[in-house]
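Q:
Chains as they are written, first to last, in our numbering: chain A, 475 to 1061; chain B, 475 to 1061.
1) Looking at the C-beta of residue 1043 of chain A, does it have a partner C-beta in chain B at a distance below 9 Å?
2) Relative to the C-alpha of residue 649 of chain B, which residue among B:784, B:596, B:800, B:706 is closest?
3) For residue 641 of chain A and residue 567 of chain A, I'd like the C-alpha separation in whole angstroms.
4) Return the residue from the list B:881, B:492, B:901, B:825 that minimises the CA-CA distance to residue 780 of chain B.
5) In terms of DSSP beta bridges, what is residue 608 of chain A paired with?
6) Are residue 476 of chain A and residue 750 of chain A touching if we call contact CB-CB under 9 Å?
7) Please report how far the alpha carbon of residue 850 of chain B lies from the alpha carbon of residue 1002 of chain B, in whole angstroms.
8) Verify the CB distance criterion: does residue 491 of chain B have a CB-CB separation below 9 Å to chain A?
9) In terms of residues, what are the limits of the beta strand (DSSP E) holding residue 687 of chain A?
10) Under 8 Å between beta-carbons, which chain A residues line up against residue 527 of chain B? List them in chain order, please.
11) What separation, rounded to the nearest whole angstrom, lies between the Cα atoms of residue 454 of chain B and residue 526 of chain B?
12) What does residue 680 of chain B reach in chain A if we use C-beta pairs closer than 8 Å?
13) How many Å lie between residue 703 of chain A and residue 544 of chain A at the Cα?
14) At a CB-CB cut-off below 9 Å, which residues of chain A make contact with residue 955 of chain B?
15) From the DSSP secondary-structure annotation, give me the bridge partner or partners of residue 641 of chain B.
16) Taking C-alpha atoms, which residue in A:654, A:670, A:509, A:774 lies nearest to residue 756 of chain A?
17) Tell me whether residue 924 of chain B is buried or exposed, calling it buried when 16 or more other Cβ atoms sit within 10 Å of its Cβ.
18) Please list the terminal residues of the continuous alpha helix (DSSP H) segment that includes residue 956 of chain A.
19) For a test of the three-state rule: what should DSSP assign to residue 815 of chain A, helix, strand or coil?
20) Please confirm whether residue 919 of chain A and residue 1022 of chain A have their CB atoms less than 9 Å apart.
21) Measure how close the beta-carbons of residue 616 of chain B and residue 602 of chain B come, nearest whole angstrom, since I'm counting them as under 8 Å.
22) Buried or exposed: where does residue 655 of chain B fall if 16 or more other Cβ atoms within 10 Å of its Cβ makes it buried?
23) Roughly how many angstroms lie between the CA atoms of residue 980 of chain A and residue 906 of chain A, to the nearest whole one?
24) Count the other CB atoms, across all protein chains shown, that sit within 10 Å of the CB of residue 951 of chain B; report buried if there are 16 or more and exposed otherwise.
25) Which residues share a DSSP beta bridge with residue 692 of chain A?
26) Relative to the alpha-carbon of residue 782 of chain B, which residue among A:835, A:1044, A:513 has its alpha-carbon at the smallest distance?
27) Closer than 7 Å, Cβ to Cβ, to anything on chain B: give me those residues from the segment 970 to 1002 of chain A, in chain order.
28) Residues of chain A with a CB under 7 Å from the CB of residue 920 of chain B: which are they?
29) Skipping 5 residues on each side, what residues in its chain have a beta carbon closer than 7 Å to that of residue 973 of chain B?
30) Have a look at the DSSP bridge pairing and note the partners of residue 568 of chain B.
31) Please list, in chain order, all residues of the same chain as residue 606 of chain A whose beta carbon is under 6 Å from its beta carbon, the five residues on each side excluded.
32) Rounded C-beta distance between residue 887 of chain A and residue 863 of chain B? I'm assuming under 8 Å.
33) For residue 824 of chain B, count neighbouring Cβ atoms within 10 angstroms of its own Cβ and tell me buried if that reaches 16, exposed if not.
34) Of the residues that make up the segment 850 to 872 of chain B, which ones have a beta carbon closer than 8 Å to any beta carbon in chain D?
35) From what residue to what residue does the alpha helix (DSSP H) around residue 1062 of chain B run?
36) To the nearest angstrom, report how far apart residue 563 of chain B and residue 518 of chain A are at their CA atoms.
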C-alpha cells in the first residue's frame, strides 16, 4: 500500500497576466507544501489563461509564458507541480510541465486536440505523440490534458497500460454547459473502473468572454468511486490522500485494461527520487460540496460569467434598460446578484406606447433590487426622427421602421450613459429572440454584454422563479412574471403576434440549434410541419443580425458564439428572395 | 506523344442552391463535350458552394449534395468530370468525384485540411489517406484538392511518384488576398518543374460573405511553363490541349521526383477505358488574359465582392451616408461600379459641425456618380437627445459622448431607410479605423456590409486615384482626395488629433496585424517605440468594437473576420484598467 497526498488547484487565471498568474500558482504551491502535499495539479493552460485564442499566434505572448514558467520552476522545492502552459518549441503545444526541485523535469503534450464547438485547438497546437508517466518514489502517475480523457486509444490509456500508471492526472479547462458536469462525472467513473486507476480531474473555474468554467474537480477511485470533490463555480484547493494497493487485482484482470486497444505511442518516464514515508499533517474534514439543480446551475453560471466579464474589463458599473418585462428584470436581478445593487443602474425609457403597468413594474423591480432608476423619455427624440424622415419617406414612418427607431433611440441613450460614465450596457435579449431575429440591431441588441443570449425564454421564467424562491420573496415582482410578453413598440403588441408560443418555440429551437436536427425529425417529435419550417427559416435568415450581436455566455451545448459558424449568404430552403435580409425586418 | 483536351470550369456556385449549381455544372459539361474535351475539372466543393461552414453539420445539407451528385452522374456521358463536393460517408470528406459514363467511378478525399486563417476544415472533414490517379486510356491523371498542392509529402506527390501521374489536377477554392495570385503561380511553376508533371489548377470565382475568389485558373507545363490561363475575377471555361511526351526524360532524372519524400499513402487507380485518337474540333485562339496591378486587383476584388453580397442576399439597392470625405466617397463610387448608379442612394446627414465644403463635395460626388442624393439633417434629433439626457447627466452632454450620439443618429437614419425600403446600408469605415477603434459602435459602424473594412486608409486613396484614372476624369472630386481627413463631429476636428499620420499608422498596423510582429521588431523597422506601443495597445483594446462590426471583404493576409479570433478580455500589456473598454471611447 502506497500513499500520496494530492492537491487539486482549482483556480482561474487571467489571460496574459503572467505576473499575477505566476504569483497565484506559487502561492497555491506554498500552501500545498505546508499541508503536506506530494503533488499539486493545476488546470490546462493555467499559466497563460484559457482560451488564449489568436494570442497564441503572437511570439511575445508565448515567450512571456515560457519565461514565467522558468521563474516558477526556480521557486519550486520538494513537491511535484504539474502545470498547464503553452509550450513554444519547434511547434506550439498545449502542455503540462512537470516541475520538481527547481526545474522542469519534463512536459506532456496534449494528444487529442479538440477542433469542434468552441474549440479551435488544431489552429494553434501541434499534436503530442508521447504518453507521460511520472515515477514518484516507485508510484506511477500518468499525465493527460482535458480532451485526452474523452477518447479511447490515446495517451491516457497508454500511460496506464504501457506506463503502469496507477494514478492518472487530467488537467482541464472544460467550459460549462447545462448538464455537462454530470456527463464528466460519469465519464471519469467509467474510465477509472475500466482502467483500474485513480483519476484526478482538475478543472479551471471562473469565466472568459463567452465561456464559463464551473470547476467541480474531483478524484475517482476504481473501487471506492468518488473519493473527493471540490465545489463548483468557485476557486478551491482540494486535498486528497490517494492510496494505491490494488495491483494484484489488476494483474488478474488484464482484459479490463486498455492495453490491447492502445496505439504504439511511446511512453516518456520522468523519474523523481523520493521515499514515500513522511508523516503528514492531518487534513481538515470538509463536508460534501453543494449540489446544484438544473436551474441553479444556470443561475450560478450566469452570475459568475457576468462578474468575471465586468472585473476583467475594469468596469465600475453596469446599466440595464428596464422595460417592465421579464428579460430586463432578470438581467438586472442577476446583475445585482453578481455585482451588488450599488453597481447596477436601471434606466426606464418610456414612449407613448409604454403602459402604466410597465412603469409600475419597472419601478417596483428597482425598489426590490435596491438599484438606482433613471428615467429618460424617448418620445421627443422619436418625434424628431419622424419629422426628419418625413421629408424623404413619402408615406411617413410607420410599422417596423417606426418600431425599430424606438428601439434604437433606447440603445443610443444607454450607450450615451456608457460613454459618459464608463458603464457597461447589458443587452437583455434571450436566445429565443436572437434565434428568431425578434430583436432590433443597434436597438435592444445594443450593449457590451448580452447576459441571457444563450438562455431560452422558458428558462428565463424558470430562473426568475428560482431567484424569488432563493430569496424567499418576490424580488422580481410576480406581475412581471405573470404578464404576457410584449415589446410595447405599438399599441397592444404581443410577442405571440409574431412568434409561436414559447412552449412550442423553445423545444423546436433547441432541437434545431443544439441537436442539429433536420425539419423532418423535429416534426416527428410532434410539432406541426408549417410551424417547424417557419421557425427554422427565421433562424436561418437572421444570421446577419446575430453576427453583430454582443458577446454573451454559453450555457448550452451550442451558443451563438464561437460554436455557431454559419454563413450569412446561402440559399435558405423554402424562402423567396424578397423575404431575405434586412428589407422589412421581421419584427 | 499522347494528347488530351482538358476543360477548366472556373465557375462560382451558391451555397446550398443545389438545383441551380447542378444545372450549371451540367451546362458546362455539355459545352465541354461539344468542344471535344476529354476531361472537365470543377473547383473544390463546387456542388455545395464554398465555404459552407457549419451547414456541413446539417445532415440534410450533406444529403441534398449527395443526391445532386447522383443526378449529375446520371447525365454525364463520354467525358470525365472531376467535381468538388462534400462527401458523406462514415465521416465527412472534402472530396472530388470522378464521374464517367453515368456513374461516379471513384472519389479522391482531400489530404491536407487547412485549419488556419479563415479555414476551419478540421472542424468538419476527415482526412483522406489515399492518393488518386485516373488511368484514362493509358494516360495517368492525378487528383488533388487546393491545400494538397501547398505541402510536400502528401497525396499530390504520391500520385505522381507512385501512381505515375503525368497530369496533376488541383481543384481549388482559394480566397483572394493582395498578391496571393502571384504566389500561387510561382508555386505551381515550381511544383510542375520539380515533379515533371503538367499541373491543371482550377480555382473558383466570385464571392461569399467576407471571401472573394479571383479565379486565375491555369495550366503549367514542366518544360513550357504557363501554357494556358483563365481571366481573373470572372467566370470562364478554359480549354487546353495537354501533350504528354517527356517520360524518358523523367526516368533519367529520378532525383527530381518526389518519390523518396512521400509517405506510404496508398494509391487508388481509377481505370477508364478509352482510345485517345479522336479528332477534335479546333479551339478558338484567345488572347492572354488581362493582368492586374496591385491597386487594380483590390478594385476588382471589392467590386466583385460587393456585387455578390448584394445579389446573394436579394437586395435591390444599397445606401451610403455621404460625409464629403474620402471613405464614403470611395464606398459609393465602388458601389456604382459594382451595381450601377440607379442602385445606389447617397444620404447627406449634416449637423451644425458639417462644413459648407463637405456639402459641396458630397453633392458634386453624387452628381459625378449619377446617384440620387437625399438630405436628412440630424441637428433636431441631436438636440432632442441632449435635452432628454440633460435631466440625468448633470454636466450636460459633451465630448466623445456628444460625438458618438451624432454618429449613432446617422446610423439610425440609414437603418430607418433600410427598414423602410429594404436597402442594404454600406458602412464606410476602413481598416485603419477598425484597427484603432476610431469609429462609433452603432454609428458609422452601422450597416450590413463594410466594404472597406480590410482596406487601409492609404490604400483608400490609391484606389480612389485609380478609379479616377480608369475613368479618365475626376469621378471622385479632387477636393475629397486632397482635404485633410476629419470626422466633423466637433469644430475643427482632424483625424490626426487622435491618430498618428496614416503613412506611419498603416505600415505599423500591417506589421502587427498581418505580420504578427512583436513591438520590438516593428520598432526595428524604424518606428518610434512610443508610437508603436500606442498603436498596438489601441488595436488590442478595441476588440469589443470589432466583434460587433458588419462583415466586410477580406483582401489582405489577415482581415478582421474569420481569420482574427482574439479574446476581448485579456491583459493588454502596458495598459491600466480605466483605459479599458467602452468607458470614454477613444474617439
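Glycine included, C-beta positions come from ideal geometry on N, C-alpha and C.
A: Inspection of the coordinates gives the following:
1) yes
2) B:706
3) 23 Å
4) B:901
5) A:615, A:744
6) yes
7) 43 Å
8) yes
9) 685 to 688
10) 1039, 1040, 1041
11) Because chain B spans 475 through 1061 in this model, residue 454 of chain B falls outside it and cannot be assessed.
12) None at all; the shortest Cβ gap to chain A is about 11 Å.
13) 31 Å
14) Chain A residues near residue 955 of chain B: none, gap ~29 Å exceeds 9 Å.
15) B:615, B:672
16) A:509
17) buried
18) 952 to 956
19) helix
20) yes
21) About 13 Å separates the two Cβ atoms, so there is no contact after all.
22) buried
23) 7 Å
24) buried
25) A:675, A:703
26) A:1044
27) 990, 992
28) 916
29) 910, 912, 979
30) B:560
31) 582, 617, 742
32) 7 Å
33) buried
34) Absent here is chain D; the protein component of the structure consists of chains A and B.
35) The requested residue 1062 of chain B does not occur in the structure, where chain B is confined to residues 475 to 1061.
36) 34 Å
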